[in-house]
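Chains as they are written, first to last, in my numbering: chain A, 1 to 189; chain B, 1 to 90; chain C, 1 to 178.
C-beta atoms are modelled at their ideal positions from N, C-alpha and C, and glycine is treated no differently.
Here the structure comes first, spelled out in structure tokens, and everything after it is commentary.
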């Protein structure tokens, strides 16, 4: 069955295979550059996240895709949906801001102009959870700006489910990668 | 036996001729663009996303049914090869 | 010549482009709907009791209670791309230390247009507490009714439907409740 493919591989020669590998690598590099560029524009480490839990149902379900921004000049407000990551916790959490407490002036009595200079204490809660998130903060009393990855600005349903499926069934990931790689090598055009 | 095998491979490969190829590309392109525009407009007028996606789904199925199988319609212009010259003939 | 596989490949590639354009068009169409409905919120005088809260295990912390009336017709916010409204009542006040506070005291998810014509009385659903142990010397609080429109696909938008005209002062603490 594979005799045909092997023969075509041999016929194409080493240079062709190397070229295809380079093409493949450049596709990967482009993807990475777009991701990092988006992150730079949105001021966040991950501009796109996949919802992993049902704690924001019925707004967001598992597998929905969220687009984040984290503008440095804006404070967080109640009602904003944030994605935050507590040091020590392994996955980021998508929950809504319920309380904000802004220290407007600092200790010397000077008023800071930028929201970044202010200390902001935040409390969050999942729409689908009965109580707020204090128990998720791993000992912290409040969430602060440095824990927050970004606020949700845009929404696309279902699309992220592919990544969840790949996490749940690792074989799928290898099958997909292998298949793509083989196709890239064999393709003649 | 060999003939049967050949027919099976032909059915699986489902080749169509160059004229058919051109037509399939045209049909797919025009109908999908029209389908997208129409389903958006219908949904917008009816204010119903359900209408949009039902229409888009049905339309897509129809387009796939028309373009994917090797209908005889796309095989009406077989390539006419020149006949093989006799060996040694001038 | 074209095989079935090649045709599936071509058609589905073009189909995915079309789907993306369709989704983008739906997301953009939300920008056409710029409804900004207004309503009314009336907040009755607050009452403050000392209570034990989950936040500090062994410390007493003052908790404010209040009732409010909401009337607002938010039906215009529902268009073909509206999945749900997240409606919330927010308290805003500056406390004795000069810290600016915002707290959600009540919220409701509205999923259909029929539910969106609101006329209800409610009380705070979440514990309303100050940062320290009491509301002493905090400035009077404003209350507002806000909403977050969540689409099926596209951008999340926010708005304010109502706001108290006169700020509500924090009263003295009442005797403790059991």
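Requested in this report: Determine, using beta-carbon pairs with one atom in the region 138-157 of chain C and one in the region 73-89 of chain C, whether at least three such pairs fall under 8 Å.
Outcome: yes
**Report entry** Residues near residue 133 of chain C by beta carbon distance below 6 Å, same chain, minus five either side
**Finding:** Start at 1 with the first residue of the third chain, and residue 133 of chain C comes out as number 133. Contacts found: 61.
Report task. Please go through the region 17-58 of chain B and give each complete alpha helix (DSSP H) segment of 4 or more residues, from N-terminal end onward. Result -> 18-46
Query raised in the report: Just the Cα atoms here: how many angstroms apart are residue 10 of chain A and residue 27 of chain B?
Result: The residue given as residue 10 of chain A occupies position 10 in the first chain. The residue given as residue 27 of chain B occupies position 27 in the second chain. Answer to the nearest angstrom: the Cα atoms are 38 Å apart.
Report task. For residue 61 of chain C, return the contacting residues in chain A, with the cut-off set at a CB-CB distance below 8 Å. Result -> Translated into the one-based positions of the third chain, residue 61 of chain C becomes position 61. In chain order: nothing, as chain A lies at least about 13 Å away.
Query raised in the report: Any beta-carbon of chain A closer than 8 Å to the one on residue 90 of chain C?
Result: Here residue 90 of chain C is taken as the residue at index 90 of the third chain, counted from 1. Yes, residue 90 of chain C lies at the interface with chain A (some Cβ there is under 8 Å from its Cβ).
Query raised in the report: Which residues does DSSP pair with residue 144 of chain C in a beta bridge?
Result: Locating residue 144 of chain C in the third chain gives position 144, where the first residue counts as 1. Partner residues in the beta bridge of residue 144 of chain C, as assigned by DSSP, are C:90, C:163.
Query - Completely contained beta strand (DSSP E) runs for the region 29-68 of chain A, where each covers 3 or more residues - result: 48-50
**Report entry** Contacts around residue 179 of chain A, its chain only, beta-carbon distance under 7 Å, and the 5 residues preceding and following it disregarded
**Finding:** Sequence index remark: in the first chain, residue 179 of chain A carries index 179 (1-based). So no residue of the chain qualifies.
Query raised in the report: Name the chain C residues that come within less than 9 Å of residue 104 of chain A, Cβ to Cβ?
Result: If you number the first chain from 1, residue 104 of chain A lands on position 104. Here the neighbours are 94, 98, 99, 100.
Report task. Assuming residue 44 of chain A and residue 149 of chain A form a contact by the criterion Cβ under 8 Å, report the distance between their Cβ atoms to the nearest whole angstrom. Result -> If you number the first chain from 1, residue 44 of chain A lands on position 44. If you number the first chain from 1, residue 149 of chain A lands on position 149. With 8 Å as the limit, residue 44 of chain A and residue 149 of chain A qualify as a contact, their Cβ atoms being about 6 Å apart.
Query raised in the report: Which residues in chain C sit within 7 Å of residue 13 of chain B, going by Cβ to Cβ distance?
Result: Within the second chain, the letter at position 13 stands for residue 13 of chain B. In chain order: 3, 4.
Requested in this report: Please list, in chain order, all residues of the same chain as residue 125 of chain C whose beta carbon is under 8 Å from its beta carbon, the five residues on each side excluded.
Outcome: Counting from 1 along the third chain, the entry for residue 125 of chain C is found at position 125. Here the set comprises 105, 106, 107.
Query raised in the report: What residue range is occupied by the uninterrupted alpha helix (DSSP H) comprising residue 14 of chain C?
Result: Residue mapping note: residue 14 of chain C aligns to position 14 of the third chain, counting from 1. Start and end: 4-29.
Requested in this report: Using the Cα positions of residue 50 of chain B and residue 93 of chain A, report the straight-line distance between them to the nearest angstrom.
Outcome: Counted from its first residue, the second chain places residue 50 of chain B at position 50. Counted from its first residue, the first chain places residue 93 of chain A at position 93. The alpha-carbon atoms of residue 50 of chain B and residue 93 of chain A are separated by roughly 31 Å.
Query raised in the report: Within 8 Å (strictly less), CB to CB, does residue 152 of chain C reach chain B?
Result: Position 152 of the third chain, counted from the start, is the residue given in the question as residue 152 of chain C. It does; some Cβ of chain B falls within 8 Å.
Report task. Check whether the Cβ atoms of residue 103 of chain C and residue 98 of chain A sit closer than 8 Å, and answer yes or no. Result -> By 1-based counting over the third chain, the position of residue 103 of chain C is 103. By 1-based counting over the first chain, the position of residue 98 of chain A is 98. Cβ distance < 8 Å, so residue 103 of chain C and residue 98 of chain A count as in contact.
Query raised in the report: Helix, strand or coil: which one does DSSP assign to residue 123 of chain A?
Result: Within the first chain, residue 123 of chain A is the residue found at index 123, counting from 1. Residue 123 of chain A: strand per DSSP, three-state reduction.
Query raised in the report: What are the boundary residues of the beta strand (DSSP E) that includes residue 67 of chain C?
Result: Counting from 1 along the third chain, the entry for residue 67 of chain C is found at position 67. 67-73 is the span of the beta strand (DSSP E), which, as asked, contains residue 67 of chain C.
Requested in this report: Given a cut-off of 8 Å, decide if residue 12 of chain B and residue 74 of chain B are closer than it, judged by their beta-carbon atoms.
Outcome: Counting from 1 along the second chain, the entry for residue 74 of chain B is found at position 74. Counting from 1 along the second chain, the entry for residue 12 of chain B is found at position 12. Going by C-beta atoms, residue 74 of chain B is not nearer than 8 Å to residue 12 of chain B.
**Report entry** Within chain C, partners of residue 68 of chain B - CB distance below 8 Å
**Finding:** What you label residue 68 of chain B is simply residue 68 of the second chain in a count that begins at 1. Here the neighbours are 4, 7, 8, 11.
Query raised in the report: In terms of residue numbering, what span does the beta strand (DSSP E) encompassing residue 105 of chain C cover?
Result: Against the third chain, residue 105 of chain C aligns to sequence position 105. The continuous beta strand (DSSP E) containing residue 105 of chain C extends over residues 99-110.
Query raised in the report: For residue 33 of chain A, does the count of other Cβ atoms within 10 angstroms reach 16, so buried, or fall short, so exposed?
Result: Here residue 33 of chain A is taken as the residue at index 33 of the first chain, counted from 1. Its Cβ having fewer than 16 others within 10 Å, residue 33 of chain A is exposed.
Query raised in the report: Apart from the five residues on each side of it in sequence, which residues of its chain come closer than 6 Å, Cβ to Cβ, to residue 51 of chain C?
Result: For this step, residue 51 of chain C is matched to residue 51 along the third chain. Closer than 6 Å at Cβ, skipping near neighbours: 63.
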